[in-house]
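S.K.: Counting in the numbering used here, the sequence shown runs from 24 upward without gaps.
Okay, here's the structure, questions in a sec.
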Amino acid sequence: MPYAMLRSVAAYVPQNCVPNSAFEGLLDTTDEWIQKRTGIKTRYFASPEEKSSDLGVQAAKLAIERAGLKKEDIDLVLVGTLSPDYVAMPSTACGLSAKLGLENTPSMDLIAACSGFIYLLATAKAFVESGMYQNVLIVGAEKCSSVLDFSDRSTCVLFGDGAGACVISPTDDLKKSILDVKIAANGNFGDYLYTPRNIKASAFCPGYEDSQALHMKGNEIFKLAIKTLLKDVEEILQANTITPEQVAYFIPHQANLRIIQAVQNQLAFKEEQVVLTVQKYGNTSAASIPMAMNEIYEQGKLKTGDLMLLDAFGGGLTWGSALVYFGEKA
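Here it is as structure tokens:
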């Protein structure tokens with residue numbers, strides 16, 4: 024049986040850069056307060072005309088090109104998003120596939136919020152290693168600005184828009200493979216982070232929820248995220264007899280600098296091992312890990328054979344971690 028390999032990585036960021044100062048006239052907040060609480064300095068917002076699939080297709084095209092493939096070589100498209108183009112259908116993956124010019128390629132969304140990329144990775148790995156598909160395109164695509172309440176300073180300053188994409192293909196080389204992926208969920212904490220559904224009232228069904236904007240219990244999420252991620256990362260390292268020193272890059276979900284630093288300190292990762300982009304892009308949910316990975320790829324730091332440790336925590340509640348060698352081209 025082949026191993027699954029992360030063959031390429033790419034990202035796309037919309038043009039509109041929004042600094043913390045842009046919120047000062049709208050909310051009871053300051054640049055200093057936002058940076059102190061989150062580490063975020065700027066984020067990017069898509070234009071009103073852009074959808075998540077529009078962001079995703081730009082990252083996808085580059086990921087396919089970097090993999091040395093043609094679009095016709097892609098035989099499965101998976102998209103992770105908490106900000107879909109439509110409420111339920113068609114899927115954002117179908118919209119993205121159409122924009123790529125694919126007409127007969129299976130395409131579907133996976134909903135795991137900020138853990139979306141890890142869930143995508145686990146699914147693609149299973150499909151490739153089973154032999155069912157050869158080249159799986161996975162895309163984290165988020166227009167988070169479309170689900171934010173811009174009167175709520177506890178959430179609207181945290182998120183940004185963007186997309187990250189990877190191609191997953193088979194390899195015979197373990198040192199270029201996705202070594203391990205672990206995913207989990209606990210729906211009992213679903214009300215910690217959610218986007219309500221707005222039902223229009225009718226003679227048969229009363230309406231509820233005035234807003235579909237994202238809701239979050241910030242303090243509860245903060246505490247649970249640190250506890251869960253520490254346990255999850257320790258378990259995947261131990262299961263694969265990997266030490267923190269053997270990891271070239273620790274790439275966590277970019278939600279909050281304080282959460283990242285808490286996990287970093289507990290596991291004794293050095294600063295040069297930890298990839299940080301939260302200060303630049305904010306929380307881009309399912310797109311944050313591939314966007315961070317792309318950052319070090321484009322800086323020339325990420326090399327073939329480098330071992331990356333990925334971890335994420337998100338609404339659901341969901342979480343997951345992965346040990347991934349960067350494979351680049353087959």
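All C-beta atoms, glycine included, are put in the ideal place defined by N, C-alpha and C.
According to the Cβ coordinates, are residue 289 and residue 272 closer than 8 Å?
M.R.: Not closer than 8 Å, so no.
S.K.: Between the alpha carbons of residue 96 and residue 274, how many angstroms are there, rounded?
M.R.: Their Cα atoms are separated by approximately 28 Å.
S.K.: Could you check whether the stretch 102–111 touches the stretch 134–148, counting it as contact only if at least three pairs of C-beta atoms, one from each stretch, sit closer than 8 Å?
M.R.: Cβ pair count under 8 Å is three or more, so yes.
S.K.: How far does the beta strand (DSSP E) with residue 345 in it extend, from its first residue to its last?
M.R.: 341–348 is the extent of the beta strand (DSSP E) around residue 345.
S.K.: By Cβ distance, which residues of its chain are closer than 7 Å to residue 117, with the 5 residues on each side in sequence left out?
M.R.: 130.
S.K.: Going along the chain, which unbroken runs of the beta strand (DSSP E) with 3 or more residues stay wholly within the stretch 200–268?
M.R.: List check, beta strand (DSSP E) in window: 201–208.
S.K.: Measure the C-alpha to C-alpha separation of residue 72 and residue 80 and round it to an integer number of angstroms.
M.R.: Cα to Cα, residue 72 sits roughly 15 Å from residue 80.
S.K.: Would the stretch 173–185 and the stretch 299–308 be scored as touching if the rule is three or more Cβ pairs under 8 Å?
M.R.: Counting Cβ pairs under 8 Å, three or more are found: they touch.
S.K.: For the putative contact between residue 216 and residue 244, defined by C-beta atoms under 8 Å, what is the C-beta separation to the nearest angstrom?
M.R.: Contact holds; Cβ gap of about 6 Å.
S.K.: Shortest alpha-carbon distance to residue 78 belongs to which of 120, 263, 209?
M.R.: Of 120, 263, 209, the residue nearest in Cα terms is 120.
S.K.: I want to check one thing, is the minimum distance from the CB of residue 215 to the heavy atoms of the ligand GDP below 7 Å?
M.R.: Absent from the structure shown: the ligand GDP. Ligands present: none.
S.K.: Tell me residue 314's beta-bridge partners as DSSP assigns them.
M.R.: Residue 314 pairs with nothing; no bridge assigned.
S.K.: Tell me the DSSP bridge mates of residue 165?
M.R.: BP columns for residue 165 point to 185.
S.K.: From residue 266 to residue 159, what does the alpha carbon distance come to, in whole angstroms?
M.R.: Cα to Cα, residue 266 sits roughly 30 Å from residue 159.
S.K.: Check residue 70 in the structure and name its three-state DSSP category.
M.R.: The answer is coil: DSSP assigns residue 70 none of H, G, I, E or B.
S.K.: Could you give the distance in angstroms between the alpha-carbon of residue 269 and the alpha-carbon of residue 135?
M.R.: In a straight line, the C-alpha of residue 269 is about 29 Å away from that of residue 135.
S.K.: Count the other C-beta atoms from every protein chain shown that fall within 10 angstroms of the C-beta of residue 194, then say buried if there are 16 or more, exposed otherwise.
M.R.: Residue 194 should be labelled buried.
S.K.: Nearest-angstrom Cα distance between residue 345 and residue 225?
M.R.: If you take the alpha carbons of residue 345 and residue 225, they lie about 46 Å apart.
S.K.: Please report the Cβ distance between residue 190 and residue 31, rounded to the nearest whole angstrom; I am assuming they are in contact, meaning their Cβ atoms lie under 8 Å.
M.R.: Yes, they are in contact, since the Cβ atoms of residue 190 and residue 31 sit about 5 Å apart, within 8 Å.
S.K.: In whole angstroms, what is the alpha-carbon distance linking residue 353 and residue 327?
M.R.: At residue 353 the pLDDT is 47, less than 50, meaning the model places this residue with poor confidence and gives no usable figure here.
S.K.: Which value, in whole angstroms, describes the spacing of the CA atoms of residue 112 and residue 324?
M.R.: Each residue's alpha carbon lies about 39 Å from the other.
S.K.: For residue 57 and residue 24, I'd like the C-alpha separation in whole angstroms.
M.R.: One C-alpha to the other measures close to 49 Å.
S.K.: Which of the three DSSP states is assigned to residue 336 in this structure?
M.R.: Three-state DSSP puts residue 336 in a strand.
S.K.: Between residue 249 and the rest of its own chain, which residues show a CB-CB distance below 7 Å, the 5 nearest in sequence each way excluded?
M.R.: Here the set comprises 282, 285, 286.
S.K.: Find out if the Cβ-Cβ distance for the pair residue 185, residue 34 is shorter than 8 Å.
M.R.: Cβ distance < 8 Å, so residue 185 and residue 34 count as in contact.
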